[in-house]
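Working notes, structure below.
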Amino acid sequence: MKRKQSDEAKKINVNIKNQKNSLRIENFIPHTSDGYRASPISLFLNLENYLIISELSYAYGIEKRIKIVGGREVEEDIETLKPILLICKYNKQTKEKFYELKLLKSEDKLEIEDLNISLVQNTISKVGIPTLMKYKTLETIYTEIENKNISIKEIYQKLKETYEKYIYHNNPTFYSFLAVYSLTTYFKEIFSAFPVIYFYGTFGCGKTRTLQTLNCFCHRSFLWGFQTEATTFRYVDAIRGTLLIDNQIFRNSKEILNYLLGYKKDSLIPRLYKAKSFKKETYEVEFFNPSTAYVLNSTDSPDKFSSALLEQFLSRCISINLIKGEPVIKEDPKLEQFTSIREDLYRLKFQIFEKVYERQNELIKSINLTGRERELWLPIFTVASLISDEVLKEMKKYQKELNEIVSENLYKREKILIKAIESLDCENDTYKFTTTELHQSIRNMLVANAQDLIVRDEKEKEFIKFWSLRSVGSLLKNLGFKKKSIRENNNISKKYIIYKSELEELKKKYFENVDSVVTVDILSEHIQENQPSKFQENSQKTQDFESENNSICPNNLSTLSTVSTKIDTSQLSKKHKEPISILRFLIEKNGASLEELIENGYDRDLIEKLKKGGSIKFDSETDKYFAV
2 MKRKQSDEAK
12 KINVNIKNQK
22 NSLRIENFIP
32 HTSDGYRASP
42 ISLFLNLENY
52 LIISELSYAY
62 GIEKRIKIVG
72 GREVEEDIET
82 LKPILLICKY
92 NKQTKEKFYE
102 LKLLKSEDKL
112 EIEDLNISLV
122 QNTISKVGIP
132 TLMKYKTLET
142 IYTEIENKNI
152 SIKEIYQKLK
162 ETYEKYIYHN
172 NPTFYSFLAV
182 YSLTTYFKEI
192 FSAFPVIYFY
202 GTFGCGKTRT
212 LQTLNCFCHR
222 SFLWGFQTEA
232 TTFRYVDAIR
242 GTLLIDNQIF
252 RNSKEILNYL
262 LGYKKDSLIP
272 RLYKAKSFKK
282 ETYEVEFFNP
292 STAYVLNSTD
302 SPDKFSSALL
312 EQFLSRCISI
322 NLIKGEPVIK
332 EDPKLEQFTS
342 IREDLYRLKF
352 QIFEKVYERQ
362 NELIKSINLT
372 GRERELWLPI
382 FTVASLISDE
392 VLKEMKKYQK
402 ELNEIVSENL
412 YKREKILIKA
422 IESLDCENDT
432 YKFTTTELHQ
442 SIRNMLVANA
452 QDLIVRDEKE
462 KEFIKFWSLR
472 SVGSLLKNLG
482 FKKKSIRENN
492 NISKKYIIYK
502 SELEELKKKY
512 FENVDSVVTV
522 DILSEHIQEN
532 QPSKFQENSQ
542 KTQDFESENN
552 SICPNNLSTL
562 STVSTKIDTS
572 QLSKKHKEPI
582 SILRFLIEKN
592 GASLEELIEN
602 GYDRDLIEKL
612 KKGGSIKFDS
622 ETDKYFAV
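The sequence shown runs 2 to 629 under the working numbering.
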């Protein structure tokens, strides 16, 4: 197999330089376009006739250097560590692969066909990390001497079996997912987006152990502790590997937005830096691409995130709850134990990257997903399909299971708006309404139907806070609706006109299962104590949620509406009666002692939460609790 590119592109450049009629701009003579700019360590280019990828390795070697001794130039050998690039060019027509070796530099170029591709590397690490491709592997791929063929199915099975031994989970598909994800990280540059993985669970449920095991197999992986924004950008720019971030608190942290930006391949973050100048202080703009594979873990379930982050987080992440249990192997995995598997994964990358690209294009047309959901799962489905049809089916089933958990927390306001439109009068399969009419419809649906005065008062407060005429108008615009002038009773007015077919299409987009949506409600945390989110249902298997975010305080209202199916409270056990029933009981009895409340089935912990939250108060003189 050929390894060197022909010199045609170089000859073209030389010919252009020698042309007498070349343009001259002051003392500068341009000769070719700057073409593409790319990061050399995460290279993937889809050109007309070529696919190009790269891989990074570090190696010790002898470098020839010239030094001046006694006025004479003397050559000496210096042992040093250098970053090396292995670049592979796949010819789409001939199906041949051409290999090229380069030393990594801050600025370099790659010439192919008549294109001059600029390789720009802002940050270069002085040393490598243990999970980089070994030089011996690079050598065997380049020379094709002792380079063995790797079976993706066999290596998938090895990964799955290893995860089963080192990590505990009650869902067997979890191990299949980890194995597929580990394989997929080696092809992340091929995809326009790559999912952020988020593990959550209680202390001791195996979050760190899961990251340690992933660290043994994922592409250029590195287990990351506490970090700043600047160091994260620099590290990603230098290594562009799988960043495993352990035990962080994300619930109100805007730093997580940096990781969320990294899910999209071509996103850029500008940063100013002081330019070196002897005359005056100047600033220049430097662009960082945060795109890479991120795996995060935390004790915070996603529903603890601030409302400003929740939807952005859920739409860019695959969130998985970890369950506490004992793994088969108690000892932590060590990187050096799995070197051979890791090197086989690097070999596999160069052997099948063109197949991954081709399969991705096939699956885009066939998978029944849209938008960000498709972006998140396309990499997983693509690699799974190359393993076997059974693994692909397993991943599709797992995607549906996880999607059920997050769907209730996504697009809550849009769902409420759609249901409110549906409740309006429909004449000739057409809805006609003003913003004010729709606003009133939302209020009727969320507030007016509440029979209990206390519940209605709480809902009214939330409605006033989160549903204004302006917010309703903005939502309608976001959904693509515009006002139209219509004539009614000899008067011309502007109204929204939505056809029933359009509304049905919206329901398909925003509701996972349209038929299962019975009611849409906005209930604050203290009213909906008995209707926990799917995240809470999962986490409560191993954790008692008693953080400040689960406070019953009326001031701690959720800033996002909750979409849910109402539960018949008569079927709830006495121990789990809703907080509002305690308030009713105290009002009817004009106060009650702790013993009376417990005798009537009210939970002691819930009473304490209500007391801390300010919904009830304790009178030490009468030794009774009263509703506030």
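Ideal Cβ positions, reconstructed from N, Cα and C, are used throughout, including at glycine.
Assigned with DSSP and collapsed to three states, Asp78 falls in strand. Using a 10 angstroms sphere on the CB of Pro31, the tally of other CB atoms stays under 16, which defines it as exposed. Remark: C-beta atoms of Ile142 and Leu87 approach each other more closely than 8 Å. Contact check for Ile365 and Phe218: beta-carbon distance about 27 Å, past the 8 Å limit, so the pair fails to qualify.
Residue burial annotation: Pro271 is exposed, with fewer than 16 other C-beta atoms found within 10 angstroms of its C-beta. Counting C-beta pairs closer than 8 Å gives fewer than three between the stretch 416-436 and the stretch 392-405, which falls short of the contact rule. For Lys305, no pairing in a beta bridge is given by DSSP. In the structure shown, Pro41 falls within a helical segment according to DSSP collapsed to helix, strand and coil. In its chain, beyond the 5 residues on either side, Tyr412, Glu415, Lys416 and Ile419 have a beta carbon closer than 7 Å to the beta carbon of Tyr511. Taking all protein chains in view, the Cβ of Thr283 is surrounded by fewer than 16 other Cβ atoms within 10 Å, so the residue is classified as exposed. For Val296, the enclosing beta strand (DSSP E) begins and ends at Ala294 to Ser299. Straight-line spacing of the CA atoms in Ala180 and Ile388 works out to 11 Å. Secondary structure note for Thr437: its alpha helix (DSSP H) is the uninterrupted segment Thr436 to Arg444.
The residue among Thr435, Phe434 and Arg457 with its C-alpha nearest the C-alpha of Asn445 is Arg457.
Between the alpha carbons of Lys508 and Leu370 lies a gap of roughly 15 Å. Ser302 counts as buried, since no fewer than 16 other beta carbons sit within 10 angstroms of its beta carbon. Residue state for Lys127 is assigned as coil, using DSSP reduced to three classes.
If you look at Gly62, you'll find it in the beta strand (DSSP E) that goes Tyr51 to Val70. For Arg38, same chain residues with a beta-carbon under 6 Å away, outside a window of 5 residues either side, are Ser119 and Val121 in chain order.
From the listed residues Glu76, Ser469 and Thr383, the smallest Cα separation to Ile63 is found for Glu76. Secondary structure at Ile113: strand, using DSSP grouped into helix, strand and coil. When secondary structure is reduced to three states using DSSP, Arg375 falls in the helix class. Taking the Cα positions, Asp115 is about 39 Å away from Leu258. Counting along the chain, the unbroken alpha helix (DSSP H) around Asn362 starts and ends at Thr340 to Ser367. Apart from sequence neighbours up to five positions away, the residues of its chain that approach Tyr432 with a beta-carbon distance below 6 Å are Ile422, Leu425 and Ile499, ordered along the chain. In the displayed model, Ser475 falls within a helix according to three-state DSSP. Residue environment for Ser442: buried (at least 16 other C-beta atoms within 10 angstroms of its C-beta). Considered as a whole, the stretch 151-197 harbours 153-167 and 174-185 as its complete alpha helix (DSSP H) runs of no fewer than 4 residues, in chain order.
With 16 or more other Cβ atoms from the protein chains shown falling within 10 Å of its own Cβ, Arg210 counts as buried.
In this chain, the beta strand (DSSP E) harbouring Asn492 covers Asn492 to Tyr500. Burial is judged here by how many other beta carbons sit within 10 angstroms of a residue's own beta carbon; Gln213 has at least 16 and is buried. Between the stretch 138-154 and the stretch 224-237 there are fewer than three C-beta pairs closer than 8 Å, too few to call the two in contact. Proximity of the stretch 171-189 to the stretch 122-141 falls short of the contact definition, fewer than three beta-carbon pairs being nearer than 8 Å.
In this structure Phe200 is in contact with Asn298, their Cβ atoms being roughly 4 Å apart against a cut-off of 8 Å.
For Asn322, the uninterrupted beta strand (DSSP E) segment begins and ends at Cys318 to Asn322. Only residues of its own chain outside the window of five on either side were considered, and among them Phe45, Val357 and Tyr358 have a CB closer than 6 Å to the CB of Ile191, listed in chain order.
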